[in-house]
Each structure stands twice: as structure tokens, then as C-alpha cells.
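Down below is the structure, laid out as C-alpha cells.
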């Protein structure tokens, strides 16, 4: 379970870093939010990007927690 939690944390961190790098100019959701939401004054686009990132992170975190619970031999 510890390795699965570590992999889950790594995946969530990579999603966050990719959004930040996208905001700097590398593309992806961060770039979409900055370019079409912030620079063009479209708060609806910004909100959609933020909500999408939150949903993706929560889904990855929940799936990782589920796998860790299934792999736990102690059945807590």
C-alpha cells in the first residue's frame, strides 16, 4: 500500500506541475487557462479549466486510495 500511495502522490504532483508548466508556456490545460481564460478575460474558460483539473486530481487520488485499500493485507 505504501508504494501505491507514493505512486498516487507522484501522479497528482505531476498533474499539478504540468498545469503550472502549461501556464508558463509549455501547452496543456495551464496554457489553455492562461491564454483563453485570463488573457482574453473569459472567466468561464478559467473556471472550466480549474474545475477540470480538480476533477482529474480527485479521480486519480480516489483511484489510488481504492487500489491501496485493496492491496492492504490487514483489511482495515
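Numbering (this note's numbering), first residue to last: 35 to 110.
Ideal placement from N, C-alpha and C gives every residue a C-beta, glycine not left out.
Check	Outcome
Take residue 67 and list the residues in its own chain whose beta-carbon comes closer than 6 Å to its own, dropping the five residues that flank it on each side.	80 and 83
CB-CB under 8 Å to residue 45, same chain, minus the five flanking residues each way: which ones, in chain order?	94 and 98
Over what stretch of residues does the alpha helix (DSSP H) that includes residue 51 continue unbroken?	36 to 55
Tell me the DSSP secondary structure of residue 108 in three-state form.	coil
Go ahead and pull the three-state DSSP assignment for residue 76.	coil
Please confirm whether residue 52 and residue 62 have their CB atoms less than 7 Å apart.	yes
Looking at residue 93 and the ligand GTP, is the gap between the Cβ and the nearest heavy atom below 6 Å?	Within the structure as shown, the ligand GTP is missing, as the structure has no ligands at all.
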